[in-house]
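Accompanying notes for the structure given below.
Protein chains: 2
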Amino acid sequence: MPVTIYDVAKKAGVGIGTVSRVINDSPQISECTKKRVQAAILELNYQPHTVAQSLARNKTNTIACIIPFFTGYFFVELLRGIQNKITEYKYDLILYSVDVTNKKEHFLQKALKERKVDGVLLVSLEITKEFADKFIKCGTPIVLVDSYHPNLDCITVDNVEGAYLATKHLIDSGYQKIAMIDGQLKSIPARLRLEGYKKVLQHYQIPFNENYFVACDFTQEADGFNKEAGYIAMCRLIDLGAERPRAVFVSSDIQAIGAIQAIKDRNLRVPQDIAVVGFDDIELAQFVGLTTVRQPMMKMGEVAVERLLEKIANQTTNGFRRRFRTELVVRESCGGVNTVVKNLN
Amino acid sequence: MPVTIYDVAKKAGVGIGTVSRVINDSPQISECTKKRVQAAILELNYQPHTVAQSLARNKTNTIACIIPFFTGYFFVELLRGIQNKITEYKYDLILYSVDVTNKKEHFLQKALKERKVDGVLLVSLEITKEFADKFIKCGTPIVLVDSYHPNLDCITVDNVEGAYLATKHLIDSGYQKIAMIDGQLKSIPARLRLEGYKKVLQHYQIPFNENYFVACDFTQEADGFNKEAGYIAMCRLIDLGAERPRAVFVSSDIQAIGAIQAIKDRNLRVPQDIAVVGFDDIELAQFVGLTTVRQPMMKMGEVAVERLLEKIANQTTNGFRRRFRTELVVRESCGGVNTVVKNLN
DNA sequence: TTGAAAGCGCTAACAG
DNA sequence: CTGTTAGCGCTTTCAA
Numbered sequence: 004m005p006v007t008i009y010d011v012a013k014k015a016g017v018g019i020g021t022v023s024r025v026i027n028d029s030p031q032i033s034e035c036t037k038k039r040v041q042a043a044i045l046e047l048n049y050q051p052h053t054v055a056q057s058l059a060r061n062k063t064n065t066i067a068c069i070i071p072f073f074t075g076y077f078f079v080e081l082l083r084g085i086q087n088k089i090t091e092y093k094y095d096l097i098l099y100s101v102d103v104t105n106k107k108e109h110f111l112q113k114a115l116k117e118r119k120v121d122g123v124l125l126v127s128l129e130i131t132k133e134f135a136d137k138f139i140k141c142g143t144p145i146v147l148v149d150s151y152h153p154n155l156d157c158i159t160v161d162n163v164e165g166a167y168l169a170t171k172h173l174i175d176s177g178y179q180k181i182a183m184i185d186g187q188l189k190s191i192p193a194r195l196r197l198e199g200y201k202k203v204l205q206h207y208q209i210p211f212n213e214n215y216f217v218a219c220d221f222t223q224e225a226d227g228f229n230k231e232a233g234y235i236a237m238c239r240l241i242d243l244g245a246e247r248p249r250a251v252f253v254s255s256d257i258q259a260i261g262a263i264q265a266i267k268d269r270n271l272r273v274p275q276d277i278a279v280v281g282f283d284d285i286e287l288a289q290f291v292g293l294t295t296v297r298q299p300m301m302k303m304g305e306v307a308v309e310r311l312l313e314k315i316a317n318q319t320t321n322g323f324r325r326r327f328r329t330e331l332v333v334r335e336s337c338g339g340v341n342t343v344v345k346n347l348n
Numbered sequence: 004m005p006v007t008i009y010d011v012a013k014k015a016g017v018g019i020g021t022v023s024r025v026i027n028d029s030p031q032i033s034e035c036t037k038k039r040v041q042a043a044i045l046e047l048n049y050q051p052h053t054v055a056q057s058l059a060r061n062k063t064n065t066i067a068c069i070i071p072f073f074t075g076y077f078f079v080e081l082l083r084g085i086q087n088k089i090t091e092y093k094y095d096l097i098l099y100s101v102d103v104t105n106k107k108e109h110f111l112q113k114a115l116k117e118r119k120v121d122g123v124l125l126v127s128l129e130i131t132k133e134f135a136d137k138f139i140k141c142g143t144p145i146v147l148v149d150s151y152h153p154n155l156d157c158i159t160v161d162n163v164e165g166a167y168l169a170t171k172h173l174i175d176s177g178y179q180k181i182a183m184i185d186g187q188l189k190s191i192p193a194r195l196r197l198e199g200y201k202k203v204l205q206h207y208q209i210p211f212n213e214n215y216f217v218a219c220d221f222t223q224e225a226d227g228f229n230k231e232a233g234y235i236a237m238c239r240l241i242d243l244g245a246e247r248p249r250a251v252f253v254s255s256d257i258q259a260i261g262a263i264q265a266i267k268d269r270n271l272r273v274p275q276d277i278a279v280v281g282f283d284d285i286e287l288a289q290f291v292g293l294t295t296v297r298q299p300m301m302k303m304g305e306v307a308v309e310r311l312l313e314k315i316a317n318q319t320t321n322g323f324r325r326r327f328r329t330e331l332v333v334r335e336s337c338g339g340v341n342t343v344v345k346n347l348n
């Protein structure tokens, strides 16, 4: 029933090869026959069968994006950037969203072996050495976003700098007893943010206090970056009693929101009793008045796609690095006024 | 380089047809050869080439979802539901996100003719009669979510009821001068919500006041459901001076948030000076304390996928209808206390 | 049960 | 420049 390349060829009185050339606008074709074929295509309302094209070309014009879908805004913004570029380059996007129950390995394997996609974007998910090797061996283009692997292309944000900026802002605001609430330490961003936190303390010769650091290793959820974990962590800090910190750098906004809830539930105030700085600048942050560290999420998505398509086009080597700068967005949660502080220089 | 069905056949000492049968676990195969083939598959780490399968079967196991991507939470929740089901049924999801610049027609056409997908989910976007006919004629399964067309499958929320609930709540709270801020009237939900609003007024014999109704037809953006539009609309209402309404039903939370901003900017208070009720129950609503109408977004996504896959499996006829109930979520923005009021009965 | 062979709709190499 | 033909990797008759 659907019209094929043969129908077009017959109607135009040419061979299918010629039709194919017109479709893929090959230069070696006379203007005259080209017109004729185009007329036939229009008349029959012909459109190539992409699946057949994919098989013949061994190219699908599709990429996969494997992404955790539960956390909201960060991913939405990233996806927006990804979509922008993908549409621009006329590719299609298959979305694999990973939640706690279904393991990312399944999707990685799919992407690798089913050959339904030309490349993959792995977002905020770590990749095992085993899979990294597989991708390299198979030559399947992959770029990591907000994640890291020494042998693969990585697009990240400067987590160390971000944490540094956030904590420094607290110090600059006059706080000394500054705690940190982190995600699970198995998460790379979590470790890097801790590094930034420690770095400022050291720089200002404030000793690192074990009691002031809470990693959300206790939660079930993937990486500890969630509201409930932030709530619980903050409770622990408050339970320190007189020893409790006067300011907290929380390694994600969503945790920070949980933390703020905890503070309020204990009848304390933000920022008068405890100042809070977050990380991410999710949409809620603005409404809550949370001082936080902003990442150029959309831009990261765009760059990721550009890089991936570039790799698909010409098999470039792995090891591309792009680290985005962060910026501090000052709001009310630590007693400042609304401004954007540019990144360090 | 990659291993094909021929490699497996050779290694197992059988024909490719047999291998194919094992892959698709056809019943007509002896347990013995089956084992042998499976061993070969395992040994070679063979995985079928999905694109080739798609071509041969004329089935891609992929569906497209065409969705506006700018508005945030509503779509994220819906997508989550869609993803849940899609993963469960082992399908893949191609995401086409429509923004102001690229027209949905392009994606509809793609989905229809490229044959890269087995069916499409059209979310919150209206479809022209022309395209509806095309889909019906081609027999391409399509289901509309949060949209409507008489000849297609539709999954919607009871907008009339929702608007009714919201407005009734204001009346029950003692307000009489109740305005409505709506989206662009070309949007179907906008029209239905207006209908619900008018219905309560009539029921309580409150005359409909032209000045108290503002449709956001003035904005550039697709449907008027955005923060800026809400802000402007509210300004107009406030500009009514002494005549201004004491309560407003705003047809989306995001507009309501803009409206609240406007109220505050004019040094008025919510709810003391103007009470506000929204629609959607986006994540922000909770943080802002906005009373609103909740839609079962995730559930809608799940049902949509189930229906679509059902249609793909057995060419059922169009005209499926599923309308979800809404419920009112009472928060502070109209002077009440936090509770969930079940839908009408 | 199983193997051989004919497509699925297209691309691309090869002749002419 | 253009037609012919051999695949792309699989499914699915059709015989055996």
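Residue numbers (this note's numbering), protein chains in the order written: chain D, 4 to 348; chain F, 4 to 348. Using N, Cα and C, we set each Cβ at its ideal position, and we do this for glycine too.
query = When every heavy atom of the ligand MN is checked, does at least one fall within less than 6 Å of the C-beta of Arg83(D)?
reply = Inclusion of the ligand MN in the displayed structure is not the case, the ligand content being empty and no account of it being possible.
task = Quick one: residues in its chain with C-beta nearer than 7 Å to the C-beta of Glu80(F), no 5 flanking neighbours on either side, listed in chain order?
result = Within the second sequence, numbered from 1, the residue matching residue 80(F) stands at position 77. For Glu80(F), where only same-chain residues beyond five positions count, the Cβ hits under 7 Å are Met300 and Met301.
Extent of the continuous alpha helix (DSSP H) to which Glu108(F) belongs = One-based indexing of the second sequence puts residue 108(F) at position 105. Here the alpha helix (DSSP H) through Glu108(F) covers Lys107 to Lys116.
message = Restricting to Cα atoms, I'd like to know which of Tyr49(D), Asn64(D), Ala262(D) and Glu117(D) is closest to Pro51(F).
response = As a first step, residue 51(F) is located in the second sequence; it is residue number 48 there, counting from the start. It is Glu117(D) whose Cα lies nearest to the Cα of Pro51(F).
ask   = In chain order, what residues of the same chain have a beta carbon less than 6 Å from the beta carbon of Ile130(D), not counting five sequence neighbours either side?
value = In the first sequence, counting from the first residue as 1, residue 130(D) sits at position 127. Within the same chain, Ile130(D) has close Cβ partners His152.
query = What are the partner residues of Leu147(F), as DSSP defines its beta bridges?
reply = As a position in the second sequence, residue 147(F) is number 144, starting the count at 1. Answer by DSSP bridge pairing, in chain order: Leu125(F) and Cys157(F).
Buried/exposed call for Arg60(D), threshold 16 Cβ in 10 Å = Translated into the one-based positions of the first sequence, residue 60(D) becomes position 57. With fewer than 16 other Cβ atoms within 10 Å, it is exposed.
query = By a C-beta neighbour count over all protein chains shown, 10 Å radius and 16 as the cutoff for buried, is Cys337(D) buried or exposed?
reply = By 1-based counting over the first sequence, the position of residue 337(D) is 334. Per the 10 Å Cβ criterion, buried.
message = If you reduce the DSSP assignment to three classes, tell me which class Pro192(D) lands in.
response = Taking the first residue of the first sequence as position 1, residue 192(D) is located at position 189. In the structure shown, Pro192(D) sits in a helix (DSSP, three-state: H, G or I).
request  = Take every Cβ of the segment 262-279 of chain D, pair it with every Cβ of the segment 189-205 of chain D, and state whether three or more of those distances are shorter than 8 Å.
outcome  = no
key: Inter-residue Cα distance where the pair is Gly20(F) and Asp161(D)   = If you number the second sequence from 1, residue 20(F) lands on position 17. If you number the first sequence from 1, residue 161(D) lands on position 158. Straight-line Cα distance between these residues: approximately 54 Å.
query = For the candidate residues Gln298(F), Val126(F), Asp121(F) and Cys157(F), whose alpha-carbon lies nearest to that of Cys141(F)?
reply = Counting from one through the second sequence, the residue named residue 141(F) turns up at place 138. When each option's Cα is compared against that of Cys141(F), the closest is Asp121(F).
Host alpha helix (DSSP H) of Arg60(D) (start-end) = Position 57 of the first sequence, counted from the first residue, corresponds to residue 60(D). Segment Thr53 to Arg60, the alpha helix (DSSP H) holding Arg60(D).
query = Of all Cβ atoms in chain D, is any one closer than 7 Å to the Cβ of Phe77(F)?
reply = Residue mapping note: residue 77(F) aligns to position 74 of the second sequence, counting from 1. For Phe77(F), the answer is no, since every Cβ of chain D falls outside 7 Å of its Cβ.
inquiry  = I'd like the span of the beta strand (DSSP E) that includes Tyr99(F), first residue to last.
reply    = As a working mapping, residue 99(F) is identified with position 96 in the second sequence. Tyr99(F) -> beta strand (DSSP E) spans Asp95 to Val101.
inquiry  = Determine, for Gln86(F), whether the minimum Cβ-Cβ distance to residues of chain D falls below 7 Å.
reply    = Position 83 of the second sequence, counted from the start, is the residue given in the question as residue 86(F). Interface residue, yes.
inquiry  = Along the chain, where does the alpha helix (DSSP H) containing Phe290(D) start, and where does it finish?
reply    = Taking the first residue of the first sequence as 1, we reach residue 290(D) at position 287. Per DSSP, Phe290(D) belongs to the alpha helix (DSSP H) from Glu286 to Val291.
task = Locate the beta strand (DSSP E) running through Phe216(F), then write down its first and last residues.
result = Your numbering for residue 216(F) matches position 213 in the second sequence. Its beta strand (DSSP E) spans residues Phe216 to Ala218.
task = Classify Asp10(F) as helix, strand or coil using the three-state DSSP reduction.
result = Here residue 10(F) is taken as the residue at index 7 of the second sequence, counted from 1. Asp10(F) falls in the helix class under three-state DSSP.
request  = Have a look at Tyr167(D), Thr143(D), Asp268(D) and Ile139(D) and flag the residue whose alpha-carbon is nearest the alpha-carbon of Asn154(D).
outcome  = Position 151 of the first sequence, counted from the first residue, corresponds to residue 154(D). It is Ile139(D) whose Cα lies nearest to the Cα of Asn154(D).
task = Tell whether a beta-carbon distance below 7 Å holds between Ala307(D) and Leu124(D).
result = What you label residue 307(D) is simply residue 304 of the first sequence in a count that begins at 1. What you label residue 124(D) is simply residue 121 of the first sequence in a count that begins at 1. Yes. Within cutoff.
task = Could you give the DSSP three-state label for Ile2(F): helix, strand or coil?
result = Past the boundaries of the shown model lies residue 2(F); chain F is included only from 4 to 348, so the question cannot be answered.
ask   = What are the boundary residues of the beta strand (DSSP E) that includes Ala278(D)?
value = Counted from its first residue, the first sequence places residue 278(D) at position 275. That run of the beta strand (DSSP E) goes Ala278 to Val280.
ask   = Applying the criterion that 16 or more other CB atoms from any shown protein chain within 10 Å of the CB defines a buried residue, is Asn348(F) buried or exposed?
value = Taking the second sequence and counting its residues from 1, one reaches residue 348(F) at position 345. A caution first: Asn348(F) carries a pLDDT of 46, below 50, which makes its placement in the model too unreliable to give a value.
request  = State the DSSP-derived secondary structure class of Asn348(D), mapped to helix, strand or coil.
outcome  = For this step, residue 348(D) is matched to residue 345 along the first sequence. With a pLDDT of 46 at Asn348(D), under the threshold of 50, the modelled position of this residue cannot be trusted; read the value that follows with caution. Correct three-state label for Asn348(D): coil.
request  = Quick one: grab the DSSP three-state call for Phe327(D).
outcome  = As a working note, residue 327(D) is residue 324 in the first sequence. Three-state result, Phe327(D): strand.
query = Taking 7 Å as the CB-CB limit, is Arg118(D) close to chain F?
reply = For the purposes of this step, residue 118(D) is taken as the residue at position 115 of the first sequence. So, interface residue.
task = Classify Thr319(F) as helix, strand or coil using the three-state DSSP reduction.
result = To locate residue 319(F), count along the second sequence from 1; it is residue 316. The answer is coil: DSSP assigns Thr319(F) none of H, G, I, E or B.
key: Boundaries of the alpha helix (DSSP H) in which Asp175(D) is found, first to last residue   = Numbered from its first residue, the first sequence carries residue 175(D) at position 172. Asp175(D) -> alpha helix (DSSP H) spans Asn162 to Asp175.
query = Cα separation between Arg324(F) and Val146(F)?
reply = Position 321 of the second sequence, counting from 1, holds the residue named residue 324(F). Position 143 of the second sequence, counting from 1, holds the residue named residue 146(F). Approximately 10 Å, taken between the alpha carbons.
query = In the DSSP assignment, what residue or residues form a beta bridge with Phe252(F)?
reply = Position 249 of the second sequence, counted from the first residue, corresponds to residue 252(F). Per DSSP, Met183(F) and Val280(F).
inquiry  = I'd like to know if the segment 284-293 of chain F and the segment 303-317 of chain F are in contact, where contact means that at least 3 CB-CB pairs between them fall below 8 Å.
reply    = no
request  = Compare the beta carbon distance of Ala265(F) and Tyr234(F) with 7 Å and say whether it is the shorter of the two.
outcome  = Numbered from its first residue, the second sequence carries residue 265(F) at position 262. Numbered from its first residue, the second sequence carries residue 234(F) at position 231. Yes, the pair counts as a contact, with Cβ atoms nearer than the cut-off.
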